[in-house]
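Novice: This is the structure I have questions about; it appears just below.
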Amino acid sequence: MNKSEMIEKLRDYLPERRMVHSMNVAKSAMELCDIYGGDREKAEIAGILHDVAKYVKFSDVESYCHKYGIELDDIEKTNTSLSHSILGMYIAKNEFGIDDDEILNAIRFHTTGRPAMSLLEKIIFIADVVEVGRDYPGVDVVRELAFGGELEEAIVHSIDGTISVVLSKKAVLHTRTVEARNYYVKLIKDREKARNSVVI
């Protein structure tokens, strides 16, 4: 399936508004690849398909899990905002013919993040929250970090914002997001420590 066919097929899964978002994410992902040395083609595909399962109804989640042998964790089972990522990975693989693990994992973890993400995973995670259509408090800071060469710092700042929103709603926060934040906070601190250390 070529890119044009993929986009046309995606229209069966997403409304126009989400199609625009997906194309914006793909564009931002490719721009980030130019900065960080990522694979533009993979980033474009992952960006286009990252939200393919966004509009799967909660009542249909179980049938998808049965169809593709998907195992959701206890948090994902009750929250389509979180389960759409893993469902999307399987839909991309089985209904769009994507067999590249890097692309599939970028789709899988674009919502929660995870520790030690691949470059493509980090790029899609950030592209999703900084694309041109996004407008929320703090987005300009995340954009400045991401497009200014500080990808991990952008991830932490984005996660901090997500945590604040989730806590304000008294909603459930996936533990993987906390683990991702802690991982990148430590990575940044260790990197700064190494830069500031005096070599004798």
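Just so we're aligned: the sequence shown equals residues 2 to 201 in the numbering used here. Every residue gets a Cβ at the ideal spot worked out from N, C-alpha and C, and that includes glycine. From a predicted model like this one, the values you see are computed outputs, not experimental measurements.
Terminal residues of the continuous alpha helix (DSSP H) containing Ile-76?
Specialist: No alpha helix (DSSP H) holds Ile-76; DSSP gives it neither H nor E.
Novice: Could you compute how far the alpha carbon of Ser-86 sits from the alpha carbon of Ala-47?
Specialist: Using only the alpha carbons, I get a separation of about 12 angstroms.
Novice: What whole-angstrom Cβ distance do Val-57 and Tyr-65 have, given they're in contact under 8 angstroms?
Specialist: 6 angstroms
Novice: Pairing CB atoms from the stretch 28-41 with CB atoms from the stretch 77-91, are three or more of them under 8 angstroms?
Specialist: no
Novice: Compare the C-alpha of Lys-43 against each of Thr-112, Lys-123, Tyr-184, Asp-191 and name the closest.
Specialist: Lys-123
Novice: Compute the beta-carbon to beta-carbon distance between His-175 and Ile-125, rounded to the nearest angstrom, for a pair I have assumed lies under 8 angstroms.
Specialist: The pair is not a contact, with the Cβ atoms about 17 angstroms apart (cut-off 8 angstroms).
Novice: Which residues in the same chain have their Cβ closer than 7 angstroms to the Cβ of Val-131, if we skip the five residues on either side of it in sequence?
Specialist: Ser-29, Val-140, Val-143, Arg-144, Ala-147
Novice: Quick check on Tyr-137: buried or exposed, where buried means 16 or more other Cβ atoms within 10 Å of its Cβ?
Specialist: exposed
Novice: With H, G and I counted as helix, E and B as strand and the rest as coil, what does DSSP make of Glu-132?
Specialist: coil
Novice: Excluding the 5 residues flanking Gly-162 on each side, which residues of the same chain have their C-beta closer than 8 angstroms to its C-beta?
Specialist: Tyr-137, Pro-138, Gly-139, Val-143
Novice: What are the boundary residues of the alpha helix (DSSP H) that includes Asp-102?
Specialist: 102-109
Novice: Cutting at 7 angstroms between CB atoms, please list the residues of its own chain near Asp-100, excluding the five before and the five after it.
Specialist: Closer than 7 angstroms at Cβ, skipping near neighbours: Lys-94.
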